[in-house]
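In my numbering, the protein residues as written are 17 to 380. Glycine included, C-beta positions come from ideal geometry on N, C-alpha and C. So the structure is just underneath, and the comments pick up after that.
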């Protein structure tokens, strides 16, 4: 139970001083809290800058190593591509020369057969157009491709052309279509028969002989294709003199492999040795500032704990000695001064009356 106040002047003076001290401690606590937060942020910032600098320098170091050896490897690969292309070109040239060499008899025979056919046709006054692939396809077919060509020509001459002419007519009567088809048959069919009569009646035996010789030419062409395909598919490359290319390719491949191994060894050495050195060097640059800030942070935290202890004690003291009389509402320096002035002017005789008088004045 609170004791009666015997000396109001002393009571208000002590209360005022205690509240002022409480306000000072509260302000000091706020300042220290803000200062502690700022120091914590500064420490984290320095630590992040340190960490980022380490990461950046390590990355730069690794990139320098990679670039140094990647440039070498890239040059070797460009050279390797060039040598492989030259080897392929030399191989293709060798294949071409081998094909020419192994088919020269067949090609010579074909040239002689063509000359024989030409001379035979000329001496017997057979028209030159008879010695063409088109003529023999149309009049002496003997291959599936010949029959397909005849079918295609028939479709074009007897179907496509009449249809096109009929489509272009303004008067599309069925009679016109029949006339077009008949005219088409007469023109193309007649032309086919006229050419046959003009060339085959007198020269059939010559044309037959020509057919036999042309077949020999076709057979030789097939043999040339078989030989060419066999040579192209032959895996044995000893005949093409590619040893110098293979030696250079092997040398470049080995150089690339060695450069890649050296690069990896350099990276491993960097990761196990140089990386730690970089980390230690950068830590040494930033650590003094981090230590200084950490020391300030610790001192501020210690001071904050001390201020909070004093603040708790002062709150308890104010509550025990003045709060029970004044209440939380009047634990204020300005209000304490007003209550003290009311008591000094003898307007009232006790604290309760002084508080009542204060409230009356505020209401006015």
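Annotated three-state conformation of residue 361 is coil, per DSSP.
Rounded to the nearest angstrom, the gap between the Cα atoms of residue 108 and residue 129 is 29 Å. Under the three-pair Cβ rule at 8 Å, the stretch 24 to 31 does not count as touching the stretch 305 to 318. For a cut-off of 8 Å, the C-beta gap from residue 222 to residue 137 is around 7 Å, short enough to register as a contact. With fewer than 16 other Cβ atoms inside 10 Å of its own Cβ, residue 284 counts as exposed. Annotated three-state conformation of residue 156 is coil, per DSSP. Residue 143 carries a coil assignment under DSSP once its states are collapsed to helix, strand and coil. With contacts defined by Cβ atoms closer than 8 Å, residue 92 and residue 272 form a contacting pair. Secondary structure remark: continuous beta strand (DSSP E) runs of at least 3 residues inside the stretch 65 to 118: none found. DSSP, read as helix, strand or coil, puts residue 188 in coil.
The C-alpha of residue 336 lies about 16 Å from the C-alpha of residue 29. Residue ranges of uninterrupted alpha helix (DSSP H) with 4 or more members, entirely inside the stretch 286 to 348 and ordered along the chain, are 291 to 334.
By the C-beta density criterion, residue 343 is exposed, having fewer than 16 other C-beta atoms within 10 angstroms. About 10 Å separates the beta carbons of residue 73 and residue 293, which is beyond the 8 Å limit, so they are not a contact pair.
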